[in-house]
Every structure is written in structure tokens, then in C-alpha cells.
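A.B. asks: One point on numbering: in this note's numbering, the residue at position 320 of the sequence shown is 691, and numbering is uninterrupted.
The C-beta atom is built at its ideal place from N, Cα and C for all residues, glycine as well.
These numbers come from a predicted model, not from an experiment.
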Amino acid sequence: MNVYPDNLTLALERKLLPVYLITGDEPLQMMEAADEIRAACRQAGYTDSERYQVDNARSFDWQALAMAGQTMSLFGDKKVINLHIPSGKPGTEGAASLKKWCEAANDDTILIITGGRPEGRFQNSAWFKAIDKIGVTMQVWPLSPQKTSQWIQARLKAIGISADAAAVELLTERVEGNLLAARQEIEKLAILYSGQSLGARELLASVTDSSRYTILDLIEAALSSDAPRAVKVLESLKAGGEPAVLICWHLSSEVRKITAAQARMDKGESQGQAMLKSGIWKNRQSLVARVLRERPRVFWLRASADCSYLDRLSKGMASGDLWIEIGAFVTRLSGTRWPLIRSADIA
């Protein structure tokens, strides 16, 4: 069954299930959910534990994992097996192994799977459905600014700090959705202001700018027509050592998904189905739908052509400064009209 993070505690109080799958791209919520499940397991007598990580689904020993599920602990203790799949993709053999695991699940072993957000319609896969049938599936998304403010307010209240709206808003702006950074700041505030009232002035004196950007933030800013933010995110990614080649790949992938969705809709498919089949998740479909309304088809044709140029440039097959061209591309992607001239074309 699907469980939202807010409802996990109630689900664990009702009954422990043999398999838990937590996927997403918000690390703190994922970590805390997994920790809560492990704590409930320990309380229920699951005292032994094993850990596995799937760095490469093809080379991972899925048979060893299957044996771990069938083998009793040395002292006969019930056990928890923690399986981390960073990519969120178990691969063909892994998918079959997880499906078989569910078919042979027993009360002495609980499997906790954590992983990144897989692309595409993985919820329709046989292995996901098998887990959803006998266990718990949970998808964890980054919080919106409003939800982040509520989360911060609740955390501050839990440690005895009464924060006014200005202080909460300021902290929300500083961490920009990075809940790990928010938790660190709140832990610091607990030492300084526990049991006290907190305003913006006190907050400014204690917090640091903990903004952490991802490539997804870059894409969202560009598609939202927020060029200044997109440039700021790109500069942050560059300063943080994000490979330019990886940024190019993600930008090209996003353009391909959008053009594929447009092509499917042109053939008569519904907007929702066209986007899902093209790898655009439901939580981003409203943004992409607005983008398709605002930007003409020729915009995406030119964007695709420039993606090809960036690809050649990243492979050393074209001349130009890759970071400069990525910046120019992001600026163009943030607009509603695609200029015919690239910066590299200007002599």
C-alpha cells in the first residue's frame, strides 16, 4: 500500500509489513522514514540487521540477497535487511529477485529498500506492484516553500522555540528546500534559544546561507522563465564542482522529454498520458503544460538543435567554451522565444 510520509507513524502502529520501499529525492525525509521503520522493527524484536548497496544492478549479487532473506540469524533472531539502490533502478535481474522476495516473504525478516527516484513509469512494474501488494511503498518529494515553512515551524515548536512569521520566512529563504541544512540550523538554534521567542534579528545572527542547488533546480528555474535564478543556480553548480557534461546531459534529456510529450499529444494522446510515457512525472506536469502553452513548437526545434551542439561541444567535437554556452542555453531556455544566433556564432 502507498503511504505518505506524514502517515508512516500510524501505519507502523497498526502492523509491521514484510517489505518497505522508500524512493525519492529529498534525503532527510527518506532517512528519517527509514530510521522510524528500523526503530519500530527493533521494538518488535527484529534485533539483527544486514546492509546491502546496489551500486551496479548488473554486477550486484542478487542471489546473496535472496539467501539472506531465507537464512535465519546465527542466534535465531528476527532481522532487518537494508537494501540501498542509489539509482532507484534494480535492473532486470534485480526486479525479478525483488518480485520473488515478495512471493516468499516471511514474518522473520523485514526488507527496507531505499533509493533515488527512478525515471518513467516504474510504478507499473511487476516488482513495484509486488511490494505494494504485501508491503509499503512511499515516494518522497522535496517540499514546496509553503510546506518547508510549515515543516520548520513544527520543528522549532518541538524544541520549545516560539518563532514569529518573519523568522520562519527568513530561515525558509536561507535553506531553499534543503531540509538537511534546515535541521542543522534548527539544532544550532536549540542550543541558543531553547524555550525562548525567536525573531528575524536573532535568526540573522545565528544562521548561515545554506542554499544547495541541484540540476533539477536549474531546469525548474529555466522552465519557470526565471532567468536570474537559473543563472544563479548554474553558477552555484559550477562553483560546487558539478560536471558540465552532466548538466548538458540533464538539459538535453529534459528537452527530449518535452518534445516527445508534444509529439504524442499531436497524435491525439491525452496530456497526462503523453507526459507519463515521455518520463515526465505527475508533480511536474503542470509546469511542463504551462511551458508548452507559452513556447511555440519552433522554440523546441531550436532548443533540440542547440542541445546537439552542446553535446558535440562537451565531447570536444565543436569549438567554444562549454560553461559559457551552457549559460547562454539556460538563458534562452528561460525565455519564450529562441534566438537564431548562439553566442558561439558571433565572431
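#1: If residue 596 sits next to residue 706, beta carbons under 8 Å apart, how far is it from one beta carbon to the other, in whole angstroms?
#2: For residue 456, which residues does DSSP report across the bridge?
#3: Does the pairing of the stretch 613 to 631 with the stretch 681 to 700 give three or more beta-carbon distances under 8 Å?
#4: Please check the pair residue 390 and residue 506, which I expect to be a contact at CB under 8 Å, by giving their CB distance rounded to whole angstroms.
#5: Going by C-alpha distance, which of 689, 704, 647 and 661 is nearest residue 673?
#6: Nearest-angstrom Cα distance between residue 714 and residue 677?
#7: Would residue 417 be called buried (16 or more neighbouring beta carbons within 10 Å of its own) or exposed?
#8: Thinking just about the alpha-carbon of each residue, which of 606, 508 and 488 is nearest to the one in residue 396?
#9: Go ahead and label residue 692 buried or exposed: buried means 16 or more other beta carbons lie within 10 angstroms of its beta carbon, across all protein chains shown.
#10: For the candidate residues 669, 537, 550 and 556, whose alpha-carbon lies nearest to that of residue 571?
#11: Once DSSP output is grouped into helix, strand and coil, what is the label at residue 417?
#12: Please determine if the stretch 410 to 430 and the stretch 451 to 466 are in contact, where contact requires at least 3 C-beta pairs separated by less than 8 Å.
#13: Report yes if the C-beta distance between residue 433 and residue 464 is below 8 Å; otherwise report no.
#14: Which class does residue 422 belong to by DSSP, given the choice of helix, strand or coil?
#15: For residue 513, collect the residues of the same chain with a Cβ closer than 6 Å to its Cβ; drop the 5 residues on either side in sequence, then sort them by chain order.
#16: Let's test the definition: count the other Cβ atoms within 10 Å of the Cβ of residue 590 and tell me whether it reaches 16, buried, or not, exposed.
#17: Can you name the start and end residues of the beta strand (DSSP E) that residue 372 belongs to?
#18: Please go through the stretch 653 to 680 and give each complete beta strand (DSSP E) segment of 3 or more residues, from N-terminal end onward.
#19: Which residue from 504, 524, 415 and 564 puts its Cα closest to that of residue 448?
#20: Would you check if the stretch 548 to 565 and the stretch 399 to 415 touch, i.e. whether three or more CB-CB distances between them fall below 8 Å?
#21: Could you tell me if the beta carbon of residue 405 falls within a distance shorter than 7 Å of some heavy atom in the ligand MG?
#22: Quick check: residue 598 and residue 509, are their CB atoms within less than 8 Å of each other?
#23: Can you tell me the Cα-Cα spacing of residue 458 and residue 532, whole angstroms?
#24: Considering Cα atoms alone, identify which of 544, 496 and 394 is closest to residue 518.
#25: Would you kindly work out how many angstroms separate the C-alpha atoms of residue 652 and residue 493, rounded to a whole number?
#26: Is residue 481 helix, strand or coil by DSSP?
#27: Excluding the 5 residues preceding and the 5 following residue 716 in the sequence, name in chain order all residues of the same chain whose CB lies nearer than 8 Å to its CB.
#28: Since residue 564 is in the alpha helix (DSSP H), which residue starts that stretch and which ends it?
#29: Give every residue of the same chain whose Cβ lies closer than 8 Å to the Cβ of residue 374, excluding the five residues on either side of it in the sequence, and list them in chain order.
#30: Taking the alpha helix (DSSP H) that residue 630 belongs to, which residues open and close that run?
#31: Just verifying my parser: in three-state terms, what is the DSSP assignment at residue 704?
#32: Return the first residue and the last residue of the alpha helix (DSSP H) that residue 543 is part of.
#33: Determine the DSSP secondary structure at residue 438, reduced to helix, strand or coil.
#34: Pick helix, strand or coil for residue 392, following the three-state DSSP scheme.
#35: Whose CA, out of 569, 520 and 466, lies closest to the CA of residue 425?
#36: Could you give the DSSP three-state label for residue 401: helix, strand or coil?
C.D. replies: In this structure, then:
#1: Between residue 706 and residue 596 the Cβ distance is about 7 Å, and since that is below 8 Å, they are a contact.
#2: 486
#3: yes
#4: 3 Å
#5: 704
#6: For residue 714, the pLDDT reaches just 46, beneath the cut-off of 50, and the residue's location in the model is therefore unreliable, although a value from the coordinates is still provided. So the alpha carbons of these two residues sit roughly 11 Å apart.
#7: Under this definition residue 417 is a buried residue.
#8: 488
#9: exposed
#10: The shortest Cα separation from residue 571 among 669, 537, 550 and 556 belongs to 537.
#11: Residue 417 falls in the strand class under three-state DSSP.
#12: The stretch 410 to 430 makes contact with the stretch 451 to 466; the number of CB pairs closer than 8 Å reaches 3 or more.
#13: Yes; because the gap between Cβ atoms is below 8 Å, this pair is in contact.
#14: Three-state DSSP puts residue 422 in a strand.
#15: 397 and 548
#16: buried
#17: Residue 372 -> no beta strand (DSSP E), and no H or E assigned at all.
#18: none
#19: Looking at the Cα atoms, 415 is the closest of the given residues.
#20: yes
#21: Within the structure as shown, the ligand MG is missing, as the structure has no ligands at all.
#22: no
#23: 38 Å
#24: 544
#25: In a straight line, the C-alpha of residue 652 is about 11 Å away from that of residue 493.
#26: Here DSSP, grouped into helix, strand and coil, assigns residue 481 to strand.
#27: Because residue 716 sits at a pLDDT of 47, beneath the cut-off of 50, its placement in the model cannot be relied upon, and the following sentence gives the value as read from the coordinates. No residues qualify anywhere along the chain.
#28: 550 to 564
#29: 382, 507, 508 and 509
#30: 615 to 637
#31: helix
#32: 536 to 546
#33: Under the three-state reduction of DSSP output, residue 438 falls in the helix class.
#34: strand
#35: 466
#36: helix
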